[in-house]
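To start, the structure itself, in structure tokens.
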Amino acid sequence: MSKIHAAITAVHGYVPDYVLTNKELESMVDTSDEWIVARTGIKERRILKGEGLGTSDMAVHAVNGLLEKRGIGAEEIELIIFCTTTADMPFPATANILAEKIGATNAWGYDLQAACSGFLFGLTTGSQFIESGKHKKVLVVGGDRMSSIINYSDRTTCIIFGDGCGAVLLEPNEEGYGVIDSILKSDGSGRPFLHQKAGGSARPASHETVDRNEHVVFQEGKAVFKFAVTNMAEAAADIMERNELTAEDVTWLVPHQANKRIIDATASRMGVGPEKVMINIEKYGNTTNGTIPLCLWEWESQLKKGDTLILAAFGGGFTWGSVYLRWAY
Ligand code: UT7
3 MSKIHAAITA VHGYVPDYVL TNKELESMVD TSDEWIVART GIKERRILKG EGLGTSDMAV
63 HAVNGLLEKR GIGAEEIELI IFCTTTADMP FPATANILAE KIGATNAWGY DLQAACSGFL
123 FGLTTGSQFI ESGKHKKVLV VGGDRMSSII NYSDRTTCII FGDGCGAVLL EPNEEGYGVI
183 DSILKSDGSG RPFLHQKAGG SARPASHETV DRNEHVVFQE GKAVFKFAVT NMAEAAADIM
243 ERNELTAEDV TWLVPHQANK RIIDATASRM GVGPEKVMIN IEKYGNTTNG TIPLCLWEWE
303 SQLKKGDTLI LAAFGGGFTW GSVYLRWAY
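Residue numbers (my numbering): 3 to 331.
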């Protein structure tokens with residue numbers, strides 16, 4: 003019997019309707035459309051508005067669309083891995099909440115936290131359950147309501163992030179399509195540069211943490227940029243080398259959308275031209291766990307069976323990595 007790979011058999015996404023433009027940000031902080039576009043490539047991002055709505059509510063749209071496309075019911079899902087940095091609540095897991103909301107009554111699930119690299123970590127761990135034969139239908143969801151942890155008076159972070167969610171279905175494939183290889187890394191010494199100071203067990207919420215505005219993203223952009231630009235590019239180049247792939251072999255680079263300059267550096271390190279790079283950062287900004295599945299969703303109609311995809315990401319933690327995927331449909 004040939005080896006079982008975990009193939010993506012359906013993908014769908016969801017972004018909220020509200021568009022936060024660079025122009026609107028100009029009225030909120032001391033910034034300009036020119037600066038944001040030149041330094042990040044972002045023109046607008048989506049924001050989830052509405053009392054009581056969380057990341058799971060975006061996931062419901064993404065997953066229902068996916069199930070309809072694949073023509074299966076939610077009760078057929080066996081496992082949900084929910085990759086997110088903005089869980090609906092500290093517990094229970096957003097995977098549980100989503101399962102209940104979509105009617106995935108036979109699924110178990112868990113949340114996975116690896117900041118902006120979360121979707122690659124989730125895709126890789128989800129694949130193990132397929133490759134081992136344990137499960138036949140695994141849902142990997144990547145999404146974040148970043149607006150819930152952004153300080154909209156901090157111009158260094160509020161211009162970057164947006165809300166959105168994407169999801170893929172993994173199923174067994176014995177024809178050599180699916181997740182072929184992955185390189186995943188983490189280095190906790192990077193945490194001073196990108197983290198949320200309060201709200202965890204080390205610094206629980208208090209009047210003081212709220213007064214000091216510590217329940218939001220803190221980032222030293224320059225330091226993160228330096229690590230991101232080298233590590234994301236290295237991870238992408240390493241997975242190509244390890245699998246003897248040339249730039250010509252690569253059909254698409256699917257990069258995490260944090261900064262257009264980081265994406266360009268990764269493509270250039272791989273020797274891949276801009277026509278092979280999925281970029282939608284101008285529309286959505288950095289949706290953290292949502293960026294890669296949202297790209298797959300947007301480019302789905304252009305993908306062909308057998309296409310070689312290199313996925314690459316870098317995020318807080320630090321975490322980073324790459325995945326080599328052969329598209330299955
Ligand atoms: O996805 C998770 C991983 N995160 C990332 O990959 C993000 C990595 N970092 C970045 O993308 C970039 O560092 C930023 C986009 C966050 C910042 O761009 P930068 O080119 O590194 O700018 P900088 O922090 O070096 O700041 C340059 C100047 C500073 O002014 P001075 O000190 O030179 O006078 C900033 O105060 O730009 C200023 N600045 C701004 N000006 C207008 C910072 N933010 C803004 C702003 N508008 N929004």
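All residues carry an ideal CB built from backbone N, CA and C; glycine is no exception.
Strand pairing of residue i, partner residues [DSSP]
i	result
Glu46	Thr23
Phe220	His197
Cys118	DSSP output for Cys118 lists no bridge partner at all.
Cys85	Leu114 and Gly144
Lys187	Trp322
Gly317	Thr321
Tyr16	Cys167
Gly180	Arg328
Leu172	Ile10 and Val140
Candidates the options: closest to residue i by CA position
i	options	result
Gly317	Ser4, Val140 and Phe227	Phe227
Asn98	Thr159, Val218, Ser203 and Ala61	Ala61
Glu258	Ser4, Glu176, Thr23 and Gly323	According to the sequence provided, residue 258 is His. The question's Glu does not apply to it. For His258, the nearest C-alpha among the options comes from Gly323.
Ala8	Lys187, Ile264, Ser129 and Glu216	Ser129
Trp110	Phe123, Leu81 and Leu125	Leu81
Gly15	Leu327, Leu298 and Ala204	Leu298
Asp165	Leu171, Thr158 and Gly145	Gly145
Ala315	Ile264, Gly275, Asn282 and Gly192	Ile264
Lys51	Ser150, Asp113 and Glu28	Ser150
Ala106	Thr88, Cys167, Thr87 and Val65	Val65
Ala235	Asn175, Ser208, Ala269 and Ile44	Ala269
Ser203	His217, Phe195, Gly192 and Pro194	His217
Residue i - containing alpha helix (DSSP H), residue span
i	result
Gly144	Segment Val140 to Arg147 is the beta strand (DSSP E) holding Gly144; no alpha helix (DSSP H) there.
His209	His209 to Asp213
Asp266	Lys262 to Met272
Ile294	Thr293 to Trp301
Ile283	Ile283 to Tyr286
First and last residue of the uninterrupted beta strand (DSSP E) at residue i
i	result
Phe93	Premise fails: Phe93 is in no beta strand (DSSP E) and is neither H nor E.
Gly323	Thr321 to Arg328
Cys160	Element bounds for Cys160: n/a, residue is neither H nor E.
Gly67	Per DSSP, Gly67 belongs to no beta strand (DSSP E); it is in the alpha helix (DSSP H), Thr57 to Arg72.
Val256	Trp254 to Pro257
Report the start-end ranges of each alpha helix (DSSP H) in the stretch 227-251 that is 4 residues or longer and not cut off at the edges. none
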